[in-house]
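All letters in the sequence shown, in the order written, are residues 811 to 1116 by the numbering used here. In this text, a Cβ means the ideal position worked out from N, Cα and C, and glycines have one as well. These numbers were taken from a predicted model, which means no experiment stands behind them.
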Amino acid sequence: MMNFDGLTEFLAVVRAGSFTGAAKILGVSVPHVSRQVARLEARLGTKLFQRNTRSVHLTQSGETLSKSSGKIADDLEAALSEVSSAQRNLDGRLRIAALSGSFADQVVGPAMNEMAAQHPDVEIVIDFNARQVDILREGYDFAIRAGPMQSSGLIARPLSSRTRVAAASPEYLAKNGEPLHPTELKDHQCILTHSNAWRFAENGKPLDVTVAGRLGLNSGPAILDACARGLGVAYMAVGGFGNTLSNGALTPILYDFWHTDRSIHIVRPDRRFTPRRVDVAMAFLETFAKRIEALETQEIGTLRRR
């Protein structure tokens, strides 16, 4: 009978890109992973990895084994899960990397807290961080990201649309005047985030405007505070403004040019098998995202009718 010892560790190293990452995913020690892979290589009579102090690369034999065994392992895991899931409650560990900010506060946190309440056997760990993690190497089930999706070998699943709104304090506008077109922002202090290129919309088409300012912040609350202090124009998702637009603390501007796009995505590894807890988590996120999206759409309509 074929001996499959070491194959799980081999595939984990392939997916994680390192022995350390594989050990983290499997919850074992690095020496254990190394020993198991070495034994597999000894049985096969060939090297599967070229290793040095900094990196690990598949040999030609390793590439062949990875392509053949990866699909088989996913199919086997799916079959086992299908049989066992009907016999047990949802359980296991779920690791998520999520962007920080208003979307995390309004959707990700509440959705996963609700899942935790309904499924007490699931362990949920969420890393709220602006850093773009390496999902495979760092052992995450999926990540929630904002902005354009780049080709990465991962599956990107649209989660939510967001409308960016421009606003400033009444004091700032009284002192500096109100811009009537996005190009006029060149004459204003703009509170920068990750980029000085702000995308608006004009006649249904994207309008990119380069802005400038002496403040660069990547925290929604910090941007909101700076805007309220009269330090410049803010441009961010409507949810980041809280109730400051509806109560008059801040004044919305450039109504006709606000840009909406489906900018929030769930990003996950490209595998045939997805653990049931991951599917359930994504369903919770989609439900909560739709609720918030509907409320934001209603609020934007109210602001534009003023």
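By DSSP's criteria, residue i is part of a beta bridge. Which residues make up the other side?
i        : result
Pro-968  : His-1075
Cys-1000 : Val-1043
Gly-1026 : Leu-1002
His-929  : According to DSSP, His-929 bridges with nothing at all.
Phe-859  : Leu-868
Val-935  : Arg-905
Is residue j closer than 7 Å to residue i when the C-beta atoms are compared?
i        : j        : result
Gly-902  : Arg-1087 : yes
Val-1019 : Pro-992  : yes
Leu-904  : Ala-1091 : yes
Phe-1067 : Ala-1011 : yes
Ala-1047 : Ser-912  : yes
Ser-979  : Leu-1060 : yes
Ser-1073 : Arg-972  : yes
Glu-981  : Gly-1058 : no
Val-918  : Ile-1102 : no
Asp-937  : Ala-907  : yes
Gly-1014 : Lys-834  : no
Ala-826  : Arg-947  : yes
Determine the burial state of residue i: buried for a count of at least 16 other Cβ atoms within 10 Å of its Cβ, exposed for fewer.
i        : result
Asp-997  : exposed
Ala-896  : Caution is warranted here: a pLDDT of 42 is assigned to Ala-896, below 50, making its placement in the model unreliable, and no coordinate value can be reported.
Asp-951  : buried
Glu-819  : buried
Leu-1105 : exposed
Arg-974  : buried
Pro-1062 : buried
Ala-852  : exposed
Thr-1097 : exposed
Ala-940  : exposed
His-1004 : exposed
Gln-870  : exposed
Gly-837  : exposed
Ala-984  : exposed
Report all residues from its chain with a CB closer than 6 Å to the CB of residue i; omit the five preceding and five following residues, and keep chain order.
i        : result
Ser-828  : Val-866
Gly-816  : Gln-846, Val-847, Arg-849 and Leu-850
Pro-1031 : none
Kindly indicate the opening and closing residues of the alpha helix (DSSP H) around residue i.
i        : result
His-991  : Segment: none, His-991 is in no alpha helix (DSSP H) and carries neither H nor E.
Leu-850  : 840-854
Val-824  : 817-826
Arg-947  : 945-948
Pro-1062 : No alpha helix (DSSP H) holds Pro-1062; the beta strand (DSSP E) holding it covers 1061-1063.
Along the chain, where does the beta strand (DSSP E) containing residue i start, and where does it finish?
i        : result
Lys-834  : No beta strand (DSSP E) holds Lys-834; the alpha helix (DSSP H) holding it covers 829-836.
Asp-1080 : Neither: Asp-1080 is in no beta strand (DSSP E) and is coded neither H nor E.
Asp-1018 : 1015-1020
With a threshold of 8 Å on Cβ separation, who are the neighbours of residue i within its own chain once the five nearest residues in sequence on each side are excluded?
i        : result
Ser-1056 : Glu-1109, Thr-1112 and Leu-1113
Ser-844  : Phe-829
Val-824  : Leu-868, Gly-872, Ser-876 and Gly-880
Ser-839  : Ala-833
For residue i, which residues from the same chain have a beta carbon less than 7 Å from its beta carbon, with the 5 sequence-adjacent residues on both sides left out?
i        : result
Asn-1006 : Thr-1020, Val-1021 and Ala-1022
Ser-1075 : Reading off the sequence, residue 1075 comes out as His, not Ser. Same-chain partners within the cutoff: Arg-955, Met-959, Ala-966, Arg-967, Pro-968 and Leu-969.
Gly-1026 : Leu-1002
Ala-832  : Glu-819, Ala-822, Val-823, Ala-826 and Val-843
7 Å is my cut-off, CB to CB: does residue i come that close to chain C?
i       : result
Ala-908 : In the displayed structure, chain C is absent; only one protein chain is listed.
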